[in-house]
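Going by my numbering, the first residue of the sequence shown is number 9, and it counts up by one from there.
Where is the CB? At the ideal position from N, CA and C, for every residue including glycine.
Please read all numbers here as calculations on a predicted model, not as lab measurements.
Okay, structure first, notes after.
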Amino acid sequence: MENGMNIALEEKARVDSLIRKCFPDVDDFEQSVSYTLAVQPNRKSFWSRIVRVFLHWNNEKLSSRYPKSIFVKIPHVSENVGNSDKSGVDNSAADAETLLILTKFEILWYERFGADTIPYFPMPKFYAAETVTESGTGIIAMEDLSERVKAMDLIPGGKANGCSGWIPLPLHVEKGSVLG
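Okay, structure coming up:
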């Protein structure tokens, strides 16, 4: 079910709950759609794991109306955070607090601007977000732009996604996938 990478059972349950919120107008969700999860490889991420959700709609009408896939961004302190700190001090509490703040800001961004169109800026449609209650919560579901968005290297390891500034986006694009 997961493309060779693991997702915890508790996270699977939270993702399942969020997917249902993405399509509130679908009657009898259980009978209308099935899905598979593909955890995306993401060696460069600091604050999240990305899961691509492939939706299998059970009739042509639903299939033509709804997306074939969405991206789910799970807040997560990756090994890259610890590897970037050479002090040798355990900063796990501060890292968890940083993740909490970043997640809250990102959800606020999508709630405010997620339905907007910004010229020349491919921004995914925002479907839903889990309520942020503690570090690691606040899963975000958004449009899968992996077939439309590309990036270029500015410097080794750096990606340009068509914007500059502070905007907290999951558009760190690698090999055609929206990663964050």
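Hey, could you find the ends of the alpha helix (DSSP H) residue i is sitting in?
i      : result
Ile115 : Ser100 to Phe121
Val23  : Leu17 to Cys30
Ser40  : Phe37 to Ser40
CB-CB under 6 Å to residue i, same chain, minus the five flanking residues each way: which ones, in chain order?
i      : result
Arg57  : Ile82 and His84
Phe134 : Tyr118, Gly122 and Met150
Excluding the five sequence neighbours on either side, which residues of its own chain have a C-beta within less than 8 Å of the C-beta of residue i, listed in chain order?
i     : result
Ser92 : Phe54
In terms of residue numbering, what span does the beta strand (DSSP E) encompassing residue i cover?
i      : result
Phe134 : Phe134 to Ala137
Glu151 : Ile148 to Glu151
Here's a check: name, in chain order, each residue in its chain whose Cβ is nearer than 7 Å to the Cβ of residue i, leaving out the five neighbours to either side.
i     : result
Gly90 : none
Am I right that residue i and residue j are in contact with their C-beta atoms under 8 Å? What's the rounded C-beta distance?
i      : j      : result
Ile148 : Ile126 : Between Ile126 and Ile148 the Cβ distance is about 18 Å, and since that is not below 8 Å, they are no contact.
Val61  : Ile15  : Between Ile15 and Val61 the Cβ distance is about 11 Å, and since that is not below 8 Å, they are no contact.
Leu63  : Val41  : 6 Å
| said: Which runs of the beta strand (DSSP E) at least 3 residues long sit entirely within the region 54–102? Give them in chain order. | reply: The beta strand (DSSP E) runs of length 3 or more contained entirely in the region 54–102 are, from start to end of the chain, 56–65 and 77–83.
| Looking at C-beta atoms only, is the number of pairs between the region 106–125 and the region 65–78 that lie closer than 8 Å three or more? | Between the region 106–125 and the region 65–78 there are fewer than three inter-stretch CB-CB distances shorter than 8 Å, so the stretches are not counted as touching.
| Cβ pair count under 8 Å reaching 3, the region 12–23 against the region 31–42 | Too few Cβ pairs lie closer than 8 Å, so no.
| field | Validate contact between the region 41–53 and the region 140–152 using beta carbons, cut 8 Å, 3 pairs | value | Output reads no: the region 140–152 does not touch the region 41–53.
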